[in-house]
Amino acid sequence: MSRDNSIIPKIIVILGFLSVVGIILLFFRSRPDFQNKINRPSSPEKLFAQVILAAEPKIIKLWEEGDRFIKKDGLTCENEILFEKGVGRSYYQCQPHFWQCYWSGGVKKKPALKIDLFGQSFHVRAKANFQSIPQYSTDSRYYEILKGPYEGLNFHYGVLVELSIDEVPGMSWPLILTDTCRDVFLPERIYGYGKTTRGEDFTWDNFGRKIFIDKFYVSNQQVNEWHLLRGQSELITKDRSLWPAPALLSSKDQAAYCSFWGKRVLEAKLFDAATMTPTDQKNPLPDQVARPQTPWQRDIGKSFLGMARINPDYQLTPLDCQLAQVKGCTHKLYTTDSVTWMGMNYALGFYPEALVNYREPNKNLKTSSRFQDPSSPVHELGILGKWKGVQDKEVPVAFRCYEEVSL
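With positions in the sequence shown counted from 1, the corresponding number in my numbering is that position plus 1.
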């Protein structure tokens, strides 16, 4: 799969065709505002196409920013997706279950995208033209999950949807929406790995490499899609309250999941690169590569984790728990206050995280987690432990994927 570094966030791929005239388009995030400068098309087919083109920004916004459409009282489609205060709203971005909920009337009673064009108002709607997924509900779906490539388009993950226009009946327009919300680009520069020890300072660079790292842990909902596409529906997690939670797979299944989507389990050196904030972010060729102890301060003694080491009676604050969810914090998912310098979440605290480490194979686990007291010495960047690759109910291990794409 090819992606250009200059397009961040990434392109959303949309495939469309009319019932009469076949059209294939790639929609980018920004387009010139031309719709008011053209004459109304004479044929229904061309009118349909122009309205869909004009609706592009709203389609993308609904898909990528579903969290913005949710009111304070939440959603009303419990059979599809649960609205819980302990789950951050990033969970609803590029979320097919939210797409299903929205068009089923779970956000507003009569959902439609209103487009004013050629002196007329048009109403674009998604159609429930896809087979039901019995493991979720008997309702027809407003989407279908695809694994690419598909119809000549080279992508790993896509959501096929179909749109209609009230004012131009008898036509439909299928689209493929890609997950532009899942990962974040790792800037090209020199990075360090682990702690600096006497006589050894391991550095590396990713110049000429386009690496994208998952922002969050792989969730049960994402693994459910993997199981369904592989014809293993008996393995899905049916409890909707657990869908946003990290998927707890063996190291073998973690690798298989990432590979299915053309990715790999995150490497330890990439984890350090994503979490150790560079001293000068504008200089990709520093003479020395710093090894900060936390993503927020270079000296852990100035952070709440350092204070907790000194003061056993230290009282955690809500801000502390947003940065690093350690023992004593309220369990929350998809929180974004923990974001690192390049956009990844959960550098310290939260869940232990499985890593692939080719340099030091026995150091394949981020040990800092919500199961450790804030005073624990494991809450520090560069501190890794060993994981045997089998899940333990007492200390569950999460994971995430990364993708390296060609130019």
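Think of the CB as a built atom: it goes at the ideal place given N, C-alpha and C, for glycine as much as any other residue.
Just to confirm, are Gly376 and Pro293 a CB contact at a threshold of 8 Å? Looking up residue 376 in the sequence shown gives position 375. Looking up residue 293 in the sequence shown gives position 292. Gly is not the amino acid found at residue 376; the sequence shown has Ser there. Against a cut-off of 8 Å, the Cβ pair of Pro293 and Ser376 comes out as no contact.
Counting only the same chain and skipping the five closest in sequence on each side, list residues whose C-beta sits under 7 Å from that of Cys95. Numbered from its first residue, the sequence shown carries residue 95 at position 94. Cβ within range, chain order: Trp64, Glu65, Asp180, Thr181, Cys182 and Arg183.
Candidates Gly75, Tyr347, Glu226 and Gln233: closest to Ile146 by CA position: As a working note, residue 146 is residue 145 in the sequence shown. The shortest C-alpha separation from Ile146 is found at Glu226.
Roughly how many angstroms lie between the CA atoms of Phe29 and Asn284, to the nearest whole one? As a first step, residue 29 is located in the sequence shown; it is residue number 28 there, counting from the start. As a first step, residue 284 is located in the sequence shown; it is residue number 283 there, counting from the start. Caution applies to Phe29, whose pLDDT of 34 falls short of 50 and renders its modelled position unreliable; the model cannot decide the point.
Where does the unbroken alpha helix (DSSP H) through Trp100 begin, and where does it stop? If you number the sequence shown from 1, residue 100 lands on position 99. Pro97 to Trp104 is the span of the alpha helix (DSSP H), which, as asked, contains Trp100.
Let me check one thing: in DSSP terms, what residues is Phe213 bridge-paired to? In the sequence shown, the residue the question calls residue 213 occupies position 212. Bridge partners of Phe213: Phe186 and Glu404.
Are the stretch 108-120 and the stretch 151-159 in contact at 8 Å, needing three or more beta carbon pairs? no
Might you give, ordered along the chain, the residues of its own chain that have their beta carbon closer than 8 Å to the beta carbon of Glu79, omitting 5 neighbours on each side? Along the sequence shown, read from residue 1 onward, the residue named residue 79 stands at position 78. Excluding positions up to five away in sequence, the list reads Arg241.
Output yes or no for whether 8 Å exceeds the beta carbon distance between Leu349 and Val398. Taking the sequence shown and counting its residues from 1, one reaches residue 349 at position 348. Taking the sequence shown and counting its residues from 1, one reaches residue 398 at position 397. No, these two residues do not count as a Cβ contact at 8 Å.
Straight-line CA distance for Leu161 to Pro135? Indexing the sequence shown from 1 puts residue 161 at position 160. Indexing the sequence shown from 1 puts residue 135 at position 134. Going by the C-alpha atoms only, they are around 18 Å apart.
Classify Phe208: buried if its beta carbon has 16 or more other beta carbons within 10 angstroms, exposed otherwise. Start at 1 with the first residue of the sequence shown, and residue 208 comes out as number 207. When all chains shown are included, Phe208 counts as exposed.
Closest by CA to Ser44, which one among Phe131, Met172 and Tyr103? Position 43 of the sequence shown, counted from the first residue, corresponds to residue 44. For Ser44, the nearest C-alpha among the options comes from Met172.
Opposing strand residues paired with Ser165 [DSSP bridges]: Taking the sequence shown and counting its residues from 1, one reaches residue 165 at position 164. DSSP output for Ser165 lists Arg126 as bridge partner(s).
Roughly how many angstroms lie between the CA atoms of Phe400 and Ser122, to the nearest whole one? Residue 400 sits at position 399 when you count from the first residue of the sequence shown. Residue 122 sits at position 121 when you count from the first residue of the sequence shown. For Phe400 and Ser122, the distance between alpha carbons rounds to 47 Å.
Rounded to a whole number of angstroms, what is the C-alpha to C-alpha distance between Glu189 and Phe119? Within the sequence shown, the letter at position 188 stands for residue 189. Within the sequence shown, the letter at position 118 stands for residue 119. Going by the C-alpha atoms only, they are around 46 Å apart.
Going by alpha carbons, who is nearest to Phe49 out of Leu306, Val125, Trp262 and Lys333? For the purposes of this step, residue 49 is identified with residue 48 of the sequence shown, where counting begins at 1. Closest by alpha carbon: Val125.
Are there three or more Cβ pairs, one per stretch, closer than 8 Å when the stretch 385-397 is compared with the stretch 329-345? no
I believe Trp1 touches Tyr143 by the beta-carbon criterion, under 8 Å. Please report the beta-carbon distance rounded to the nearest angstrom. What is shown of the chain runs 2 to 408, which leaves residue 1 out entirely.
Please report the distance separating the alpha-carbon of Phe35 from that of Asp206. Here residue 35 refers to the residue found at position 34 of the sequence shown. Here residue 206 refers to the residue found at position 205 of the sequence shown. Low confidence applies here, because Phe35 scores a pLDDT of 44, under 50, leaving its location unreliable; read the following figure in that light. One C-alpha to the other measures close to 43 Å.
Beta carbon of Glu81, beta carbon of Ser138: below 8 Å? What you label residue 81 is simply residue 80 of the sequence shown in a count that begins at 1. What you label residue 138 is simply residue 137 of the sequence shown in a count that begins at 1. Result yes, Cβ atoms of Glu81 and Ser138 sit closer than 8 Å.
Whole-angstrom C-beta distance between Arg90 and Asp74, which should lie under 8 Å: Indexing the sequence shown from 1 puts residue 74 at position 73. Indexing the sequence shown from 1 puts residue 90 at position 89. In fact, because the Cβ distance is near 14 Å, the residues do not count as touching under 8 Å.
Delimiting residues of the alpha helix (DSSP H) encompassing Asp74: For this step, residue 74 is matched to residue 73 along the sequence shown. Unbroken run through Asp74: none, as it is neither H nor E.
Own chain partners of Cys322 with C-beta closer than 6 Å, once the 5 adjacent residues on each side are dropped: Sequence index remark: in the sequence shown, residue 322 carries index 321 (1-based). Excluding positions up to five away in sequence, the list reads Cys330.
Check the C-beta distance from Ala275 over to Val266 and give it rounded, since I have them as a contact under 8 Å. Taking the sequence shown and counting its residues from 1, the one referred to as residue 275 is at position 274. Taking the sequence shown and counting its residues from 1, the one referred to as residue 266 is at position 265. Contact doesn't hold; Cβ gap of about 14 Å is too wide.
Going by the CB atoms, is the gap between Gly195 and Thr204 shorter than 8 Å? Residue mapping note: residue 204 aligns to position 203 of the sequence shown, counting from 1. Residue mapping note: residue 195 aligns to position 194 of the sequence shown, counting from 1. Going by C-beta atoms, Thr204 is not nearer than 8 Å to Gly195.
In terms of DSSP beta bridges, what is Pro175 paired with? The count along the sequence shown starts at 1 and reaches residue 175 at position 174. Paired residue(s): Glu163.
Name the residue from Tyr92, Asp140 and Ser251 whose alpha carbon lies nearest to the alpha carbon of Asp393. As a first step, residue 393 must be located in the sequence shown, where it is residue number 392. Closest by alpha carbon: Ser251.
From Asn130 to Leu324, what does the alpha carbon distance come to, in whole angstroms? Stepping through the sequence shown from its first residue, residue 130 is reached at position 129. Stepping through the sequence shown from its first residue, residue 324 is reached at position 323. The alpha-carbon atoms of Asn130 and Leu324 are separated by roughly 43 Å.
In DSSP terms, what Glu354 is bridged to: Taking the sequence shown and counting its residues from 1, one reaches residue 354 at position 353. Beta-bridge pairing links Glu354 to Lys367 and Ala399.
Just to confirm, are Lys211 and Glu405 a CB contact at a threshold of 8 Å? For this step, residue 211 is matched to residue 210 along the sequence shown. For this step, residue 405 is matched to residue 404 along the sequence shown. Yes, Cβ-Cβ distance for Lys211 and Glu405 is below 8 Å.
Three-state class that DSSP yields for Ile191 in the structure shown: Mapped onto the sequence shown, residue 191 falls at position 190. If DSSP states are grouped into helix, strand and coil, Ile191 belongs with the strands.
So if DSSP puts Ser251 in a beta bridge, which residue, or which two residues, is it bridged to? Locating residue 251 in the sequence shown gives position 250, where the first residue counts as 1. Bridge partners of Ser251: none, in fact.
With three or more beta-carbon pairs closer than 8 Å as the criterion, would you say the stretch 297-310 touches the stretch 220-240? no
Would you list the residues sitting across from Tyr151 in a DSSP beta bridge? Translated into positions along the sequence shown, residue 151 becomes position 150. Paired residues: Leu154.
Please state if the CB of Cys402 and the CB of Trp244 are separated by a distance shorter than 8 Å. Translated into positions along the sequence shown, residue 244 becomes position 243. Translated into positions along the sequence shown, residue 402 becomes position 401. It is not a contact, given that the beta carbons lie outside the stated cut-off.
Contained alpha helix (DSSP H) runs [length at least 4] in the stretch 288-364, N- to C-terminal order: 305-311 and 319-324
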